[in-house]
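Worksheet: one structure, shown below.
In this note's numbering, the protein residues as written are 121 to 750.
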């Protein structure tokens, strides 16, 4: 690794210059398996920088050559430990460079790589390792090691645990635990005796071989291990470049969990294929600061991140002077005029272009810098629905936001909004590499193509329920296709609410509107077989606390904050705002604020920080019933 004080900058493309966004159908790097693509990319790019990670305030770079050296040593170390073809190794860690190194090393050994969320409890680590038949477990640090040691005796197949960061473990004396540095040293010795060992494994890897497991979040039961072959991964990875092209000029931020399909495919593997630079954040809490340093040219995130950025701007605006607020109102108004023209496919006259350049110079460029998207060619949102108004807001800043839709079982994106024709509220047309259609009987969205997964590990009956005899993947999402071929999600099949009056309600539409509020993090609408709709709300702690402090609202802890009358009134105001957009029968009559501060470790949240609808409804049944008592 080499060190530098900051991530380098380069000049982004013009605001509406879409030339660098056009799809590419050529093969950027050859190879029929993930390790083949990686090693071909190393040979091609050599001393170019691929990854950066901030450590102790310094950005440290990894060239392709340095990455290859580490991957080869780790892979050789695994071979020295007897790691066999087809065996599974799991990675229990936050999103760090070592995650990528170990993933590529396992795949270079023709093994199976599985990721485990760092927020998972010891019991979940046990289940995932047992179900995947994990023989070697990589862990990030002493915190993750504790989980592994707690369940090790119940994992007879687990032969070795490898630790990335040994700080606090220097006196550890356990023959079943070793450091990543020790594994690399073991690998160097193995390579001296067997210099072609890793290359032989790479060459022996076949496209049809199982490559990775991605476990579903388990919102409706035990997590299921979705199996993806090398062929499916490489096919989809190439396909991503036909949605929006990327190359060595691009800078990406790597911060979502790598055990989730979004960052694994859209981050690690797609960057490996295109040569885009991966910048790793220091930790999940430093994302807002790190994004301003990195200033990515391509930025993929979940709606919760985009909502948080928007909330931060709105809160900062409330503290601004009257002149600054007026300047913002004028500038964003000009931006909306531009956005409306772009969305309608209409030409922009010279006068409006001039006003927009002035609006950017005076205000909007500063807003973009405040977020860290001032170099972004485009933004990508996925993994959950997003408010159309939020898409319009980012577009008004001059940054296209493209919504993609897919799932773990489809290897990520199956549809995508093209940059040249954005439609807020739409997930775009089907990606060229797969088929997408609507089931005429149920309205369910179906997907078919080589990107569809191999099935669920150890659960053939669940696989048969998900992939029908004709190869169509049943996604569980309900939607519709418009005349222009664009798709819209209307809801999850199991989430559609039918009120006691027989009215069909789509809760996600209501929830997305409410999450546009800077004071709301998530919401779950209730009303199935009920006389009216109610909602459970998780407030945005930081913004609501600031509201309370600014308005002299007394509170002693999180629970008292949610119970304060001023906060209740604040949220009621947000509900009233959204209610005004819906018919009376679709309006929310009552609400309940979760009075527990939730984190990814809590059972109510998925690892991607979404409220689990069914669990929330069960756990808070008493509070829900109280909302229906007169």
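The beta carbon of each residue, even a glycine, is placed where N, CA and C say it ideally should be. Keep in mind it's a predicted model, so treat the numbers as computed, not measured.
Of all the options the options, which has the alpha carbon lying nearest to the alpha carbon of residue i?
| i | options | result |
| --- | --- | --- |
| residue 690 | 705, 678, 663 and 700 | 663 |
| residue 654 | 357, 435, 367 and 704 | 704 |
| residue 210 | 245, 698, 523 and 495 | 245 |
| residue 607 | 220, 284, 526 and 687 | 526 |
| residue 151 | 144, 145, 143 and 160 | 160 |
| residue 428 | 560, 506, 277 and 603 | 506 |
| residue 590 | 601, 602 and 570 | 570 |
| residue 398 | 425, 414, 406 and 234 | 414 |
| residue 371 | 394, 416 and 454 | 416 |
| residue 712 | 699, 695, 436 and 331 | 695 |
| residue 234 | 630, 250 and 537 | 250 |
| residue 471 | 483, 254 and 454 | 454 |
| residue 322 | 188, 452 and 293 | 188 |
| residue 493 | 298, 426 and 362 | 426 |
| residue 230 | 239, 206, 671 and 168 | 206 |
| residue 488 | 469, 451 and 522 | 451 |
| residue 647 | 169, 710 and 486 | 710 |
| residue 707 | 627, 642, 665 and 672 | 627 |
| residue 331 | 389, 677 and 476 | 389 |
If you check the beta carbons only, do residue i and residue j fall under 8 Å apart?
| i | j | result |
| --- | --- | --- |
| residue 186 | residue 318 | no |
| residue 232 | residue 353 | no |
| residue 356 | residue 346 | no |
| residue 282 | residue 256 | yes |
| residue 194 | residue 221 | yes |
| residue 549 | residue 605 | yes |
| residue 496 | residue 422 | no |
| residue 149 | residue 393 | yes |
| residue 254 | residue 278 | yes |
| residue 532 | residue 386 | yes |
| residue 546 | residue 456 | no |
| residue 383 | residue 374 | yes |
| residue 242 | residue 270 | yes |
| residue 342 | residue 576 | no |
| residue 262 | residue 288 | yes |
For residue i and residue j, which I take to be in contact (beta-carbon distance under 8 Å), what is that distance rounded to the nearest angstrom?
| i | j | result |
| --- | --- | --- |
| residue 198 | residue 225 | 6 Å |
| residue 735 | residue 724 | 6 Å |
| residue 510 | residue 419 | The pair is not a contact, with the Cβ atoms about 14 Å apart (cut-off 8 Å). |
| residue 609 | residue 599 | 5 Å |
| residue 682 | residue 659 | 6 Å |
| residue 459 | residue 512 | 6 Å |
| residue 498 | residue 520 | 5 Å |
| residue 396 | residue 445 | Their Cβ separation, rounded to whole angstroms, is 38 Å, which puts residue 396 and residue 445 out of contact at 8 Å. |
Between residue i and chain D, is any beta-carbon pair separated by less than 8 Å?
| i | result |
| --- | --- |
| residue 286 | No chain D is present in this structure, which holds just one protein chain. |
For residue i and residue j, I'd like the C-alpha separation in whole angstroms.
| i | j | result |
| --- | --- | --- |
| residue 751 | residue 731 | The question about residue 751 has no answer, for the chain in this structure spans 121 to 750. |
| residue 714 | residue 733 | 13 Å |
| residue 740 | residue 552 | 43 Å |
| residue 434 | residue 638 | 7 Å |
| residue 351 | residue 358 | 11 Å |
| residue 669 | residue 587 | 53 Å |
| residue 514 | residue 490 | 13 Å |
| residue 447 | residue 593 | 50 Å |
| residue 528 | residue 380 | 8 Å |
| residue 247 | residue 701 | 45 Å |
| residue 184 | residue 215 | 19 Å |
| residue 634 | residue 640 | 7 Å |
| residue 461 | residue 566 | 33 Å |
| residue 535 | residue 685 | 44 Å |
| residue 559 | residue 572 | 17 Å |
| residue 172 | residue 542 | 32 Å |
| residue 630 | residue 530 | 27 Å |
| residue 667 | residue 632 | 22 Å |
| residue 562 | residue 290 | 58 Å |
| residue 584 | residue 557 | 19 Å |
| residue 679 | residue 644 | 19 Å |
| residue 364 | residue 737 | 39 Å |
| residue 716 | residue 274 | 33 Å |
| residue 174 | residue 400 | 7 Å |
| residue 403 | residue 411 | 12 Å |
| residue 162 | residue 203 | 24 Å |
To which residues of the same chain is residue i closer than 6 Å at the C-beta, ignoring the five residues directly before and after it?
| i | result |
| --- | --- |
| residue 212 | 236, 259 and 264 |
| residue 135 | Because residue 135 sits at a pLDDT of 44, beneath the cut-off of 50, its placement in the model cannot be relied upon, and the following sentence gives the value as read from the coordinates. Once the five neighbours on either side are set aside, the close Cβ partners of residue 135 are 518. |
| residue 284 | 218, 260 and 300 |
| residue 340 | Unreliable positioning characterises residue 340 in this predicted model, as indicated by a pLDDT of 48, which lies under 50. A coordinate reading is not provided. |
Given residue i, which residues of its chain have a CB within under 8 Å of its CB, disregarding the five upstream and five downstream residues?
| i | result |
| --- | --- |
| residue 327 | 152, 153, 349, 350, 351 and 354 |
| residue 126 | Here the model assigns residue 126 a pLDDT of 38, short of 50, so the residue's position is not dependable, and the following value carries that caveat. Cβ within range, chain order: 179 and 413. |
| residue 311 | 192, 193, 196, 317 and 318 |
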